[in-house]
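For reference, the structure is listed below as structure tokens.
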Amino acid sequence: MVSVGTLVSGVAHELNNPAGTIMLNAEFFSKAWKDIVPILDRVNTSKGDYEIAGLPFNESKEEINQLIPDLLNNAHRIKNIIEELKEFSRKEDSPVKQPMEINKVIQASINLTNNMIKKATKNFSWESEEILPEISGSFQRLEQVFINLIQNACQSLSDNTHGIYISTGYDNEKNEIIVKIKDEGEGIEEKDLKKITDPFFTTKRSNGGTGLGLSISFQIIKDHGGSINFESKKGKGTTVSVRLPITPLKEEKG
Ligand SMILES: Nc1ncnc2c1ncn2[C@@H]1O[C@H](COP(=O)(O)OP(=O)(O)OP(=O)(O)O)[C@@H](O)[C@H]1O
Ligand SMILES: [Mg+2]
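According to our numbering, the sequence shown holds residues 34 to 287 in order.
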């Protein structure tokens, strides 16, 4: 599987040329239209009203006058989005890792998803062993992982009597932090379990799911030297276990 950074920069690269062409053509068309209008106006006065694209000339002219800036604005928007994607993939490739407490990451993720959790369930809990060793990582990217996992848990619940339970702990033997996110939601079909971390795999397409949440999360946890594991029973619920090593990562520079 390709890394998210690679995937994003690939997509940005592929979109760059067509978006550039649309923008250049729109700019040229905008200039050309200014020169064409007086000619069409003259034809209209000398030969009487005629139609363009099924509309009387004057209506069509108004329409096109508005449509051209619209075309240009949207082409600029696409170019800006592509720039943001490129910037994202640059950052993705060089995350800064710092020592941190996992519970602070979990707390921040819960705070950011608080409204969603409240809407999804009346049974939410978070328990932690009191003292946990620090891990080394990127706060923002780990937060992104737990937000994605909490979001999936919330979206899996059929009603608010079903719960979501988060726990953090320490595996002494393996020297790893374990975060578990357990939901009593709809669960995952066995045939889908292998596919859920693939980019663009989603069963929520009609509700706006992109299928990128888990593939990004999987990549981030891998970059931290950890692992992510899914246990699920259709109709019963899902437990996601994230393991993160305590030992600072060797490849860290600076
Ligand atoms: N806790 C869960 N319970 C049930 N199904 C899940 C759960 N987590 C993930 N899935 C399944 O895995 C699929 C992929 O999840 P992923 O987070 O990558 O994408 P998504 O949630 O569909 O869309 P996005 O995260 O981009 O909004 C989901 O569509 C769903 O079928
Ligand atoms: Mg998701």
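Every residue, glycine too, gets a C-beta built ideally from N, C-alpha and C.
Relative to ligand 2, residue 185 has its C-beta within less than 8 angstroms of a heavy atom. The beta carbon of residue 234 sits closer than 8 angstroms to at least one heavy atom of ligand 1. In this structure, 217 is the residue among 102, 95, 217 with its C-alpha nearest to the C-alpha of residue 153. Between residue 219 and residue 196, the alpha-carbon positions lie close to 12 angstroms from each other. As the crow flies, the alpha-carbon of residue 158 is around 16 angstroms from that of residue 137. Closest by C-alpha distance to residue 207, out of 235, 277, 230, is 277. Here the distance from the Cβ of residue 138 to the nearest heavy atom of ligand 1 is not below 8 angstroms. Less than 9 angstroms separates the beta-carbon of residue 39 from that of residue 122. Residue side-chain check: residue 154 keeps its Cβ at 8 angstroms or more from all non-hydrogen atoms of ligand 1. With a cut-off of 8 angstroms, the C-beta of residue 50 is classified as distant from ligand 2, since no heavy atom of the ligand falls inside that distance.
Between the region 253-261 and the region 174-188, the count of C-beta pairs closer than 8 angstroms reaches three or more; the two stretches touch. The beta carbons of residue 225 and residue 244 sit no closer together than 9 angstroms. Beta-bridge annotation (DSSP): residue 272 is paired with 215, 264.
Residues of the same chain with a CB within less than 7 angstroms of the CB of residue 66, apart from the 5 flanking positions on each side, are 97, 101 in chain order.
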